[in-house]
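Asker: In the numbering used here, the protein residues as written are 41 to 563. Handing you a structure now.
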């Protein structure tokens with residue numbers, strides 16, 4: 041998150057996982073509707089992709105937003121583009137260009153470590169750079185070429201998904217529609233057509249799902265010279281890694297799946313658990329606030345949700361100034377609070393932001409919002425949100441209008457601190473007009489044969505990927521589990537916790553799995 045110290049970047053990088061619920065994106069695919077497709081290996085049709093040479097060069101031209109320009113100017117990083125088929129069933133057709141960043145190993149390399157920060161839809165080039173800068177003396181940085189890549193459709197990869205203008209992204213009316221519904225059949229058709237027109241056509245929209253990205257990872261593994269894949273995936277990255285394991289088990293060396301998603305949970309179940317987790321974290325934050333003499337949420341932990349509603353609901357009609365000519369309305373305020381709930385270390389910022397509203401200002405919460413949605417100071421946004429939505433259109437199932445409307449109501453019931461107190465309008469599923477059916481299938485990554493030991497890392501108080509989901513992923517993969525006591529989403533190599541990082545490094549470098557009762561604690 042751009043308003044926090046770099047060590048807490050995990051909260052921003054994993055943020056868009058939540059948008060499955062907040063923005064009404066597509067919901068989960070049923071196992072009966074979509075059979076799991078078999079991957080195409082590096083046969084003659086794909087050989088030239090698997091055997092291509094990468095031309096590494098300075099990274100400055102790969103920066104797609106101002107906030108990455110200084111980072112990508114660091115001479116320790118080098119960047120390249122990898123070509124992959126847009127449609128793996130048509131390898132002679134159109135191609136995509138996958139942008140990647142490498143931070144070379146400081147010592148004798150074990151190989152490459154591919155990384156993914158979450159989303160779906162968050163760029164990964166800066167994630168590998170962040171890991172390298174946060175842990176320059178880490179055994180992982182010593183022994184691995186750290187690889188960050190922007191998945192197809194995301195960031196610097198081409199073609200890039202583009203469904204909104206920056207002005208549309210800034211429009212509070214659009215955010216309110218995502219929260220309260222009201223999408224019509226014409227709305228979702230126009231949205232799909234706009235996405236297609238701005239992103240390269242409907243064929244692009246048909247091939248940006250997780251299974252496509254997993255195939256890209258296998259090509260990337262090969263062109264980097266690795267016989268088997270080593271991978272660290274956080275949040276949605278745990279899904280990407282698990283799907284890779286399902287599709288290419290024989291090519292796995294080591295998988296660290298952090299802030300893990302439950303491979304068994306459909307989207308309705310996942311959304312319910314996410315928002316229940318957010319409500320729990322909000323109440324814990326509020327309870328900590330009530331211990332302070334000047335807490336804006338009062339002195340009673342049992343009433344913090346009601347007090348918060350009293351403070352933010354007036355913003356619907358009367359937003360407050362938030363600096364640089366901007367205003368903080370209701371949806372921006374609650375999104376700013378959500379951003380802060382990703383890590384306990386940000387709770388003081390939430391409390392300060394709520395206090396500011398009482399003083400007629402919204403600077404702190406708008407800053408949290410900007411970091412959450414990757415909005416730069418010049419008013420430009422990354423394409424992470426549209427990438428989230430487009431990828432979910434292929435990964436998730438599509439409910440009827442009745443089901444989608446009921447799911448919106450259930451979301452606010454699970455997290456009443458988000459409830460604006462206004463009626464829910466009937467709404468269509470945002471992916472209803474998508475040109476193809478979903479391709480992921482649920483459950484995924486189960487009953488895999490020949491898979492080496494994996495390491496799932498899950499936090500007991502994770503607000504958006506609950507602890508139980510991580511245990512279920514470890515069980516599905518038949519792998520090891522590291523339990524972390526704390527209140528945070530995503531911890532491996534980015535939270536500065538020596539206990540976690542030592543266990544992860546030992547697993548990645550030496551393939552040494554932790555004992556069954558392994559536990560760490562966040563401070």
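Note that the Cβ used here is the ideal one computed from N, Cα and C, for glycine as well. Here the structure is a predicted model, which means the values were calculated and not measured.
Going by DSSP in three states, residue 172 sits in which element: helix, strand or coil?
Answerer: Correct three-state label for residue 172: helix.
Asker: If you drop the 5 nearest sequence neighbours on each side, which residues of the same chain put their C-beta closer than 6 Å to that of residue 557?
Answerer: Correct list: empty, nothing qualifies.
Asker: Excluding the 5 residues flanking residue 328 on each side, which residues of the same chain have their C-beta closer than 7 Å to its C-beta?
Answerer: Excluding sequence neighbours, residue 328 sits near 387.
Asker: Report yes or no: is there a C-beta of chain B within less than 9 Å of the C-beta of residue 482?
Answerer: This model lacks chain B altogether; it includes just one protein chain.
Asker: Among residues of its own chain, excluding the 5 on either side of residue 74, which ones have a beta-carbon nearer than 8 Å to its beta-carbon?
Answerer: In this prediction, residue 74 has a pLDDT of 38, which is less than 50 and means its spatial position is unreliable; what the coordinates show is noted afterwards. Only 477, 478, 479, 480 and 481 meet the Cβ criterion.
Asker: Would you list, in sequence order, the uninterrupted alpha helix (DSSP H) runs of no fewer than 4 residues that lie entirely inside the stretch 109-192?
Answerer: Correct list: 165-174 and 179-183.
Asker: To test your reading of the DSSP string, which unbroken alpha helix (DSSP H) runs of 4 or more residues are found completely within the stretch 235-314?
Answerer: Counting only runs of 4 or more, we get 242-245, 250-263 and 276-287.
Asker: Ignore the nearest five residues each way along the sequence and tell me which others in residue 236's own chain have a CB closer than 8 Å to its CB.
Answerer: Within the same chain, residue 236 has close Cβ partners 242, 244, 245 and 475.
Asker: Helix or strand or just coil, what does DSSP make of residue 552?
Answerer: Reduced to three states, the DSSP call for residue 552 is coil.
Asker: Answer yes if the stretch 165-181 comes into contact with the stretch 377-385, meaning at least three C-beta pairs across the two stretches below 8 Å, and no otherwise.
Answerer: No, the stretch 377-385 does not touch the stretch 165-181.
Asker: Excluding the five sequence neighbours on either side, which residues of its own chain have a C-beta within less than 6 Å of the C-beta of residue 420, listed in chain order?
Answerer: Closer than 6 Å at the Cβ level, and outside the excluded window around residue 420, lie 206.
Asker: Within the continuous alpha helix (DSSP H) that includes residue 395, where are the two ends?
Answerer: It spans 387-398 - the alpha helix (DSSP H) in which residue 395 sits, taken as one unbroken run.
Asker: Work out the CA separation of residue 471 and residue 289 for me, nearest whole Å.
Answerer: Roughly 31 Å separates the two Cα atoms.
Asker: Could you tell me the distance, in whole angstroms, from the CA atom of residue 493 to the CA atom of residue 296?
Answerer: Residue 493 and residue 296: Cα-Cα distance of roughly 10 Å.
Asker: Which whole-angstrom value describes the C-beta separation of residue 34 and residue 118, a residue pair presumed to lie in contact below a C-beta threshold of 8 Å?
Answerer: This structure cannot settle anything about residue 34, because the visible part of the chain is limited to 41 through 563.
Asker: Assuming the contact rule is C-beta atoms closer than 8 Å, residue 356 and residue 506 should be a hit. Round their C-beta distance to whole Å, please.
Answerer: Actually they are not in contact, since the Cβ atoms of residue 356 and residue 506 sit about 30 Å apart, beyond 8 Å.
Asker: Can you tell me whether DSSP reads residue 74 as helix, strand or coil?
Answerer: Only weak support exists for where residue 74 lies, its pLDDT of 38 falling under 50; the coordinates are left without a value.
Asker: DSSP puts residue 565 in a beta bridge; with which residues?
Answerer: What the structure shows of the chain is the stretch from 41 to 563, and residue 565 is not part of that stretch, so it cannot be assessed.
Asker: Quick check on DSSP: helix, strand or coil for residue 320?
Answerer: DSSP places residue 320 in helix when its eight states are reduced to three.
Asker: On the CB-based measure, 16 or more other CB atoms within 10 Å of its CB, does residue 561 come out buried or exposed?
Answerer: The residue is exposed, with fewer than 16 neighbouring Cβ atoms inside 10 Å.
Asker: According to the Cβ coordinates, are residue 123 and residue 262 closer than 9 Å?
Answerer: Against a cut-off of 9 Å, the Cβ pair of residue 262 and residue 123 comes out as no contact.
Asker: In the structure shown, what three-state DSSP assignment does residue 495 receive?
Answerer: Three-state DSSP puts residue 495 in a strand.
Asker: Hey, residue 147 and residue 424: beta-carbon distance below 9 Å or not?
Answerer: Cβ atoms of residue 147 and residue 424: not closer than 9 Å.
Asker: Under 6 Å Cβ to Cβ from residue 435, same chain only, skipping five residues before and after it: list those, please.
Answerer: The residues are 249, 250 and 480.
Asker: Can you name, in chain order, every residue of its own chain whose Cβ lies under 8 Å from the Cβ of residue 86, other than the five neighbours on each side?
Answerer: If we look at residue 86 and ignore the five residues flanking it on each side, its Cβ neighbours are 80, 125, 128, 131 and 259.
Asker: Name the DSSP bridge partner or partners of residue 564?
Answerer: Missing from the structure shown is residue 564; the chain here goes from 41 to 563 and no further.
Asker: Could you tell me the distance, in whole angstroms, from the CA atom of residue 134 to the CA atom of residue 426?
Answerer: If I take the Cα positions, the gap works out to 22 Å.
Asker: Hey, how far is the Cα of residue 437 from the Cα of residue 317?
Answerer: So the two alpha carbons sit approximately 22 Å from each other.
Asker: Please return the same chain residues whose Cβ sits closer than 6 Å to the Cβ of residue 344, not counting the five positions on each side in sequence.
Answerer: Answer for residue 344: 326 and 337, listed in chain order.
Asker: If we count the other Cβ atoms within 10 Å of its Cβ and call it buried at 16 or more, is residue 399 buried or exposed?
Answerer: Exposed: under 16 other Cβ atoms inside 10 Å.
Asker: Just confirm the distance between the C-beta atoms of residue 184 and residue 153, as a whole number of angstroms; I'd bet it's less than 8 Å.
Answerer: Residue 184 to residue 153, Cβ: 4 Å. Contact.
Asker: Does the stretch 273-281 come close enough to the stretch 412-419 that 3 or more CB-CB pairs lie under 8 Å?
Answerer: Touching, no.
Asker: Would you say residue 104 and residue 196 are within 9 Å of each other, going by their C-beta atoms?
Answerer: Cβ distance < 9 Å, so residue 104 and residue 196 count as in contact.
Asker: Does the separation of the CB atoms of residue 360 and residue 402 fall below 9 Å?
Answerer: Yes, the pair counts as a contact, with Cβ atoms nearer than the cut-off.
Asker: Got a sec? Which residues, its chain only, sit under 6 Å from residue 335 by beta carbon, not counting five neighbours each side?
Answerer: Same-chain partners within the cutoff: 329.
Asker: Determine the closest residue to residue 201 out of 284, 226, 371 and 232, with distance taken between C-alpha atoms.
Answerer: It is 232.
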